[in-house]
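This report refers to the structure that appears directly beneath it.
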Amino acid sequence: MSPIAIHLIVDAALSLLGVASAITWIVILQKGCGCWRLAIQNRRFDRTWGEALEQASFASMPIGLADAKGPKARVTRAAVAALSVGAPFDAADRSLSPDTVRQILRAQLERALAQQIQRERRMQESGLTLLASVANVAPFIGLFGTVFGIIYALHGVAADGGGSIGDIAGPVGDALIATGLGIAVAIPAVLGYNAFVHHTRTSIDELEAFGAVLVDVAERSGFRIRCGEGISRHAIGPMNAFSEREVAA
């Protein structure tokens, strides 16, 4: 392999490390700001609608919930929508016992909550694969650059006819910089990945606990929800204040 080709390979490795570093910090900053924003939205939700949940009643929750933002707001809208878009049975069918009706409504609610929490998980995990990839690959890119850098340095020393340790140490030392850069790129990616994985796990655990509270609230309130201007029990039919689009917003 010609010295020019080796030099180009080393430059390409260093360029890849530069791009990987830039992408890593962009992802870290974006996700850091996103985590901070979600925490603010959840605290705002707790201040605004915590009293309604403490009263164990969906019926006391204001229509303004449709405009709320954040994971807890979206999970709550999913719960309300699940009880609003229609129950999977004919309410007029008297062959269904009250216990059966409650079981069906509870299962419908739990399924909707699980689906929404899974969407929240995917949303919060976005970008983590990229950080993990950079953390795993960057040191090897740096090592790759170092190997070819040493080869390039040895070619240069041989071409100059030198052979002393001083002639070799300088070029080899320069080549080892690529390994150091690879590690320097990987460390923030590893730390960011671990921090965001921990945050996501904690956030999802909190949402699952919150979902259990919503199920308990709905059950204790007889699955009554605010529907438009009134209160609906076992809410069959569309809800004016919520829609599937708003649940995912």
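In our numbering, the protein residues as written are 4 to 252. For every residue, glycine included, the Cβ atom is placed at its ideal position computed from N, Cα and C. As the structure is a prediction and not an experimental result, all values here were calculated from the model.
Judging by CA-CA distance, which residue of the options is the nearest neighbour of residue i?
i	options	result
S87	K72, E222, V104 and L112	L112
E302	I154, G176, A42 and F147	Within the shown structure, residues of the chain are numbered from 4 to 252, placing residue 302 beyond reach of any answer.
S136	E211, G185 and V150	G185
G214	H201, I120, R46 and D14	I120
I180	H201, H202, G145 and G159	G145
A8	D102, A110 and F151	F151
Y155	A76, A141, F143 and I171	I171
H201	G35, A25, L157 and H158	G35
Just curious, the alpha helix (DSSP H) that residue i is in, first and last residue?
i	result
D102	P101 to E128
A84	P74 to A85
Kindly list the residues whose CB is nearer than 8 Å to the CB of residue i, restricted to its own chain and excluding five residues on each side of it in sequence; keep chain order.
i	result
A115	A81, A82, A84 and A85
T203	R124, Q127, E128 and L131
V13	G148, F151, G152, Y155, A178 and A181
Please return the same chain residues whose Cβ sits closer than 7 Å to the Cβ of residue i, not counting the five positions on each side in sequence.
i	result
L56	V216 and V220
T182	G145, L146 and T149
A95	The predicted position of A95 is uncertain, since its pLDDT is 48 and thus under 50; no value can be drawn from it.
Grab me the residues of residue i's own chain with a C-beta within less than 6 Å of its C-beta, minus the 5 sequence neighbours each way, in chain order.
i	result
Q44	K72 and G73
I153	V175 and A178
I31	G195
W28	none
A110	none
A23	V137, A141 and V188
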